[in-house]
Amino acid sequence: MFSIYILTYNEEIDIAECIESAQGSDDIIVVDSFSGDRTVEIAQSYGVRVEQHAFESHGKQRTWMLRSIPTRHEWVYILEADERMTPELFAECLAATQQDQVIGYYVAERVMFMERWIRHSTQYPRYQLRLFRKDRVWFDDYGHTEREVCDGPTSFLHETYPHYTCGKGLNRWIEKHNRYSSDEAKETLRQLHYGKIQWRNLFWGATEVERRRALKDLSLRLPLRPLVRFLYMYIFLGGFLDGQAGVAWCTLQSFYEYLILLKVRELKQQGYVPPRPKPVSDGVEPPSSEKNSVVKTPF
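The structure is reproduced here in structure tokens:
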């Protein structure tokens with residue numbers, strides 16, 4: 058068996074269905090960033106554990122969660138509230154935890170938008186590290202999101218999970234991506250100052266994750282990025298095959314790219330100098346075995 062973390066902030070619309078999809082596990086923990094709506098109340102009505110912690114960043118929240126919240130099992134799975142665990146994925150996760158050759162697994166998302174799976178224009182399959190041994194993984198910040206640091210080999214699962222990216226409406230999507238674009242603008246300047254394109258990974262990366270990250274490093278240096286992104290998603294990736302939802306998705310992503318560019322220009326005008334990136338482990342101590350020991354007694 059494995060434990061499931063569910064990360065939340067004002068998720069009263071999604072949290073019930075998310076918890077219900079995860080109930081194959083006997084250890085579900087909702088990690089809430091002090092929601093102001095009914096998220097906690099709804100979660101508690103399902104009898105799951107709820108832990109609250111002030112949000113600083115995605116990387117810090119996940120690392121705090123792994124270090125500070127005890128679990129029944131050494132293997133854990135991370136769910137966002139707008140994602141779902143499927144029976145097929147749960148069964149594959151359960152089987153995967155029975156081996157000891159790798160310490161974590163990447164899982165591909167299926168982006169759901171306008172009641173349709175956006176298969177083509179989302180670079181499917183795009184993988185995220187979701188199932189892993191909690192004493193062997195922690196997280197660093199990257200732009201508006203995070204990147205994992207793995208102490209050991211990883212692999213990939215075949216099953217996927219649905220991600221309902223716009224379940225709370227377009228207003229929430231636009232508000233969220235407006236915040237994200239501020240962090241991405243700072244990360245863009247940091248990469249332009251200190252980063253470089255990993256050409257080998259771009260063409261010969263061993264995994265989709267390596268190739269995608271190298272492609273992003275390249276995209277930060279391209280002119281006319283919003284237009285390039287739209288053409289790449291809609292034409293090259295085949296977003297036109299996703300119908301009207303595909304047109305809307307590619308347009309919104311291009312708009313998001315444009316917001317990032319505008320904020321990069323604004324930061325430059327303000328004289329912003331990005332801080333030098335830290336080494337992967339600098340300032341991020343791997344979770345100690347004591348803090349992450351498996352809890353043997355029932356809660």
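Numbering (my numbering), first residue to last: 58 to 356.
Where a beta carbon is used, it is the ideal one built from N, C-alpha and C, also for glycine.
None of these values were measured; they are calculated from a predicted model.
Requested in this report: Pull up the distance between the alpha-carbon of residue 130 and that of residue 72, whole angstroms please.
Outcome: Going from the Cα of residue 130 to the Cα of residue 72 covers about 23 Å.
Requested in this report: List the whole-angstrom C-beta distance separating residue 303 from residue 135, where the pair is believed to meet the contact cut-off of C-beta under 8 Å.
Outcome: The C-beta separation of residue 303 from residue 135 comes to about 28 Å, leaving the pair out of contact by the 8 Å criterion.
Report task. Starting from the Cα of residue 199, find the closest Cα among 170, 117 and 232 and give me that residue. Result -> In this structure, 117 is the residue among 170, 117 and 232 with its C-alpha nearest to the C-alpha of residue 199.
Query raised in the report: Whose C-alpha, out of 191, 235 and 167, is nearest the C-alpha of residue 215?
Result: In terms of Cα proximity to residue 215, the closest of 191, 235 and 167 is 167.
Requested in this report: Per DSSP, which residues does residue 220 bridge with? Please list them.
Outcome: According to DSSP, which records beta bridges pairwise, residue 220 is partnered with 140 and 168.
**Report entry** Beta-ladder partner(s) of residue 202, from DSSP
**Finding:** Per DSSP, 199.
Query - residue 62 - containing beta strand (DSSP E), residue span - result: Taken as a continuous stretch (DSSP letters only), the beta strand (DSSP E) holding residue 62 covers 60 to 65.
Requested in this report: Give the DSSP-derived three-state secondary structure of residue 90 in the structure shown.
Outcome: Reduced to three states, the DSSP call for residue 90 is coil.
Requested in this report: Please report the Cβ distance between residue 1 and residue 141, rounded to the nearest whole angstrom; I am assuming they are in contact, meaning their Cβ atoms lie under 8 Å.
Outcome: Absent from the model: residue 1. The displayed extent of the chain is 58 to 356, so no value can be given.
Query raised in the report: What's the gap between the Cα of residue 221 and the Cα of residue 76?
Result: Pairing residue 221 with residue 76, the inter-Cα distance amounts to about 14 Å.
Query raised in the report: If we ignore side chains and look at the alpha-carbon of each, how far apart do residue 351 and residue 298 end up?
Result: At residue 351, the pLDDT of 38 sits below 50, so the modelled position is not reliable; the number obtained from the coordinates is stated separately. Roughly 47 Å separates the two Cα atoms.
Report task. Assuming residue 245 contacts residue 165 (C-beta within less than 8 Å), just tell me the rounded distance between them. Result -> Contact between residue 245 and residue 165 is ruled out by a C-beta separation of about 26 Å, above the 8 Å threshold.
**Report entry** Host beta strand (DSSP E) of residue 188 (start-end)
**Finding:** Per DSSP, residue 188 belongs to the beta strand (DSSP E) from 184 to 190.
Report task. Would you give the residue range spanned by the beta strand (DSSP E) that residue 108 belongs to? Result -> Per DSSP, residue 108 belongs to the beta strand (DSSP E) from 106 to 109.
Query raised in the report: By a C-beta neighbour count over all protein chains shown, 10 Å radius and 16 as the cutoff for buried, is residue 260 buried or exposed?
Result: So residue 260 counts as exposed.
Query - Rounded Cβ spacing between residue 285 and residue 279 (contact assumed at less than 8 Å) - result: Rounded, the Cβ-Cβ distance is 5 Å, consistent with contact.
Query raised in the report: For the alpha helix (DSSP H) that residue 276 lies in, which residues bound it at each end?
Result: Annotation: the continuous alpha helix (DSSP H) that includes residue 276 extends over 265 to 276.
Query raised in the report: Roughly how many angstroms lie between the CA atoms of residue 66 and residue 105, to the nearest whole one?
Result: Distance between the alpha carbons of residue 66 and residue 105: 16 Å.
Query raised in the report: With a Cβ-Cβ cutoff of 8 Å, do residue 213 and residue 162 count as a contact?
Result: Judged by their CB atoms, residue 213 and residue 162 are nearer to each other than the 8 Å cut-off.
Requested in this report: Can you tell me which of 202, 179 and 69 puts its alpha carbon nearest to the alpha carbon of residue 186?
Outcome: For the residues 202, 179 and 69, the minimum Cα distance to residue 186 belongs to 202.
Query raised in the report: Rounded to a whole number of angstroms, what is the C-alpha to C-alpha distance between residue 319 and residue 329?
Result: Cα to Cα, residue 319 sits roughly 14 Å from residue 329.
**Report entry** residue 97 and residue 84 closer than 8 Å at C-beta
**Finding:** No, the pair does not count as a contact, with Cβ atoms beyond the cut-off.
Query raised in the report: For residue 239, does the three-state DSSP call read helix, strand or coil?
Result: Residue 239 falls in the helix class under three-state DSSP.
Requested in this report: Would you grab the beta carbon distance between residue 169 and residue 127 for me? Rounded to a whole angstrom, and I think it's under 8 Å.
Outcome: Contact doesn't hold; Cβ gap of about 33 Å is too wide.
Query raised in the report: Ordered along the chain, which non-local residues of its own chain (more than five positions away) have a Cβ less than 6 Å from that of residue 173?
Result: Within its own chain, the residues whose Cβ lies closer than 6 Å to the Cβ of residue 173, once the five positions on either side in sequence are excluded, are 302, listed in chain order.
Requested in this report: Run the CB neighbour count on residue 275, radius 10 Å, all protein chains shown included, and call it buried at 16 or more, exposed below.
Outcome: Per the 10 Å Cβ criterion, exposed.
Query raised in the report: Run through DSSP, which three-state label would residue 177 get?
Result: Here residue 177 sits in coil by DSSP.
Query raised in the report: From which residue to which residue does the alpha helix (DSSP H) around residue 122 run?
Result: DSSP places residue 122 in the uninterrupted alpha helix (DSSP H) bounded by 115 to 125.
Query - residue 246, DSSP secondary structure in three states - result: Residue 246: helix per DSSP, three-state reduction.
Report task. Quickly, what does DSSP pair residue 161 with across the bridge? List them, please. Result -> 189 and 211, per the DSSP bridge assignment.
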